[in-house]
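Q: In our numbering, the protein residues as written are 232 to 620. Don't be surprised by glycine CBs; every beta carbon is placed ideally from N, CA and C. These numbers were taken from a predicted model, which means no experiment stands behind them. The structure under discussion is supplied below as structure tokens; questions concerning it will follow.
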Ligand code: GYE
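The following block contains the structure:
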């Protein structure tokens, strides 16, 4: 196991820049040596690690997998949304014993301190790989340094980490959240124009995700950029709905008491949209497609339930965020096992769905000014049936 860990670590090292690896002979020696675990023990020595014992399963400290299984410790954010449920299912399905893995799954209940404790526990158990879906971007330097010192490759999935040293993770796979926001706003702009309302005033509410999560940062940035570019778009308020239905509803209920001129609610995920729709309907207002008459609901994720609301005319535009990361993470692990170089960052391709055919495609410019065209899929029952989540 130790020899294997050393090999994996070297492969991981190959994945980062030569400069980063070149100067760190000492740390790669540490990691390859059998003493690596001692460092991890120190790190895991706090009370924190004890907190995850239940979820981390019963083979504490035995190290590695049993019977040739590859051990993967996965620190999941929580179970706040339909997206998250699909994401957990994808990971569990992929990292099954039948596929050659022992998965140690830890649900952090949206708390970073639980994720840090889980990672320390994984280090203590000498797992082969740590997979982290980080709740927020910041605050990971210390614990990821501990994993690095223990020679355990860390794969980040979904949201990003903002860390001082790139080599503290081996690879990341997830979505381009700012692009998602830009696509959604390009659709809104095109839809307003296609329906002859391009010059009308649009009052917008942003129900944000968990503040500091990449999905929130990117989607909010996409909207703010569009608001700056449109003299007739006004952001009435931006408040966090924490990516949950309950909070989405609560936020919307209070905003409906403050504003009677809301045109668009930009919900940063489907579950917030479900809550916001309930609040709007209960307040006697309509969600729908007509600017100036209805409140237009924009959403992200495009889960089955989210697309059903598009089909039912409740959500007008839903920008996809693909949660099926299990096979993508497995591909990275397989490459590392084979000693191959892996891509440091991998973005997933995603679609955009609407409840009307008024906008067949949208165009979004990147930072260099190059324009990309994205087709817009009009939601039908067949479209929903054909999807896996
Ligand atoms: O959009 C939301 C979930 O980070 C992409 O987190 C993920 C987001 C997703 O709770 O539904």
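1. Going by DSSP in three states, residue 578 sits in which element: helix, strand or coil?
2. According to DSSP, which residues form a beta bridge with residue 529?
3. Could you give the distance in angstroms between the alpha-carbon of residue 440 and the alpha-carbon of residue 468?
4. Would you mind stating whether residue 453 and residue 498 have Cβ atoms separated by less than 7 Å?
5. Whole angstroms is fine: what's the gap from residue 428's alpha carbon to residue 520's?
6. Output the residue ranges of the beta strand (DSSP E) runs that lie fully inside the region 353 to 384 and measure 3 residues or longer, sorted by chain position.
7. Can you list, in chain order, the stretches of the beta strand (DSSP E) that have 3 or more residues and sit fully within the region 311 to 341?
8. If you measure from the CB of residue 530, is any heavy atom of the ligand GYE nearer than 6 Å?
9. For residue 582, verify whether its CB is less than 6 Å away from any heavy atom of the ligand GYE.
10. Please determine, among 300, 506 and 334, the residue with the shortest C-alpha to C-alpha distance to residue 530.
11. Indicate whether at least one CB of chain D lies closer than 7 Å to the CB of residue 398.
12. For residue 474, is the classification buried or exposed, using 16 other Cβ atoms within 10 angstroms of its Cβ as the cut-off for buried?
13. Would residue 546 pass as a contact of residue 540 if the rule is Cβ separation under 7 Å?
14. Can we count residue 389 as close to the ligand GYE, meaning its CB is less than 6 Å from some heavy atom?
15. Which word fits residue 378, buried or exposed, when buried means at least 16 other C-beta atoms lie within 10 angstroms of its C-beta?
16. For residue 334, tell me which candidate among 306, 572 and 579 has the shortest Cα-Cα distance.
17. Return yes when at least one heavy atom of the ligand GYE lies under 6 Å from the C-beta of residue 559, else no.
18. Which residues mark the beginning and the end of the alpha helix (DSSP H) in which residue 408 is found?
19. Which value, in whole angstroms, describes the spacing of the CA atoms of residue 471 and residue 487?
20. Which of the three DSSP states is assigned to residue 518 in this structure?
21. Reducing DSSP to helix, strand and coil, say where residue 305 ends up.
22. From this set, 340, 369 and 375, which residue's C-alpha is nearest residue 351's C-alpha?
23. What's the C-alpha gap between residue 353 and residue 456?
24. Is any heavy atom in the ligand GYE found nearer than 6 Å to the beta carbon of residue 446?
25. In this structure, does DSSP put residue 482 in helix, strand or coil?
26. List the endpoints of the continuous alpha helix (DSSP H) containing residue 570.
27. Can you grab the Cα-Cα spacing for the pair residue 324 / residue 493, in whole Å?
A: From the atom records:
1. The residue you call residue 578 lines up with position 347 of the chain shown. Of the three classes helix, strand and coil, the one that applies to residue 578 here is strand, per DSSP.
2. For the purposes of this step, residue 529 is taken as residue 298 along the chain shown, with counting starting at 1. For residue 529, which the question treats as bridged, DSSP gives the partners 497 and 548.
3. Taking the first residue of the chain shown as position 1, residue 440 is located at position 209. Taking the first residue of the chain shown as position 1, residue 468 is located at position 237. C-alpha separation (whole angstroms): 14 Å.
4. Looking up residue 453 in the chain shown gives position 222. Looking up residue 498 in the chain shown gives position 267. No.
5. Position 197 of the chain shown, counted from the first residue, corresponds to residue 428. Position 289 of the chain shown, counted from the first residue, corresponds to residue 520. Those two C-alpha atoms are separated by around 12 Å.
6. List check, beta strand (DSSP E) in window: 360 to 363.
7. Segments of the beta strand (DSSP E) lying fully in the region 311 to 341: 332 to 338.
8. In the chain shown, counting from the first residue as 1, residue 530 sits at position 299. At a threshold of 6 Å, residue 530 does not count as near the ligand GYE, since its beta carbon sits no closer than that to any of the ligand's heavy atoms.
9. Indexing the chain shown from 1 puts residue 582 at position 351. No, the Cβ of residue 582 stays beyond 6 Å of every heavy atom of the ligand GYE.
10. On the chain shown, position 299 is the one that residue 530 refers to. Distances from the CA of residue 530 to each of 300, 506 and 334 were compared; the closest alpha carbon is that of 506.
11. Within the model displayed, chain D is absent; a lone protein chain is all it includes.
12. Counting from 1 along the chain shown, the entry for residue 474 is found at position 243. Buried is the call here.
13. The residue you call residue 546 lines up with position 315 of the chain shown. The residue you call residue 540 lines up with position 309 of the chain shown. The answer is yes: Cβ separation under 7 Å.
14. By 1-based counting over the chain shown, the position of residue 389 is 158. At least one heavy atom of the ligand GYE falls within 6 Å of the beta-carbon of residue 389.
15. Your numbering for residue 378 matches position 147 in the chain shown. Classification of residue 378: buried, given that the 10 Å Cβ count is 16 or more.
16. Taking the first residue of the chain shown as position 1, residue 334 is located at position 103. Comparing C-alpha distances from residue 334 to each of 306, 572 and 579 shows the shortest one belongs to 306.
17. Position 328 of the chain shown, counted from the first residue, corresponds to residue 559. In this structure, residue 559 has its CB at a distance of at least 6 Å from all heavy atoms of the ligand GYE.
18. Within the chain shown, numbered from 1, the residue matching residue 408 stands at position 177. Counting along the chain, the alpha helix (DSSP H) containing residue 408 begins and ends at 408 to 425.
19. In the chain shown, residue 471 corresponds to position 240, counting from 1. In the chain shown, residue 487 corresponds to position 256, counting from 1. CA-to-CA, the gap between residue 471 and residue 487 works out to about 15 Å.
20. Translated into positions along the chain shown, residue 518 becomes position 287. Here residue 518 sits in strand by DSSP.
21. Start at 1 with the first residue of the chain shown, and residue 305 comes out as number 74. Judged by DSSP in its simplified three-state form, residue 305 adopts strand.
22. Stepping through the chain shown from its first residue, residue 351 is reached at position 120. The residue with the shortest Cα to Cα distance from residue 351 is 375.
23. Position 122 of the chain shown, counted from the first residue, corresponds to residue 353. Position 225 of the chain shown, counted from the first residue, corresponds to residue 456. Between residue 353 and residue 456, the C-alpha separation is close to 40 Å.
24. Position 215 of the chain shown holds residue 446. Yes, the Cβ of residue 446 comes within 6 Å of a heavy atom of the ligand GYE.
25. Start at 1 with the first residue of the chain shown, and residue 482 comes out as number 251. It is helical.
26. Translated into positions along the chain shown, residue 570 becomes position 339. That residue, residue 570, is in no alpha helix (DSSP H); it is neither H nor E in DSSP.
27. Taking the first residue of the chain shown as position 1, residue 324 is located at position 93. Taking the first residue of the chain shown as position 1, residue 493 is located at position 262. Straight-line spacing of the CA atoms in residue 324 and residue 493 works out to 42 Å.
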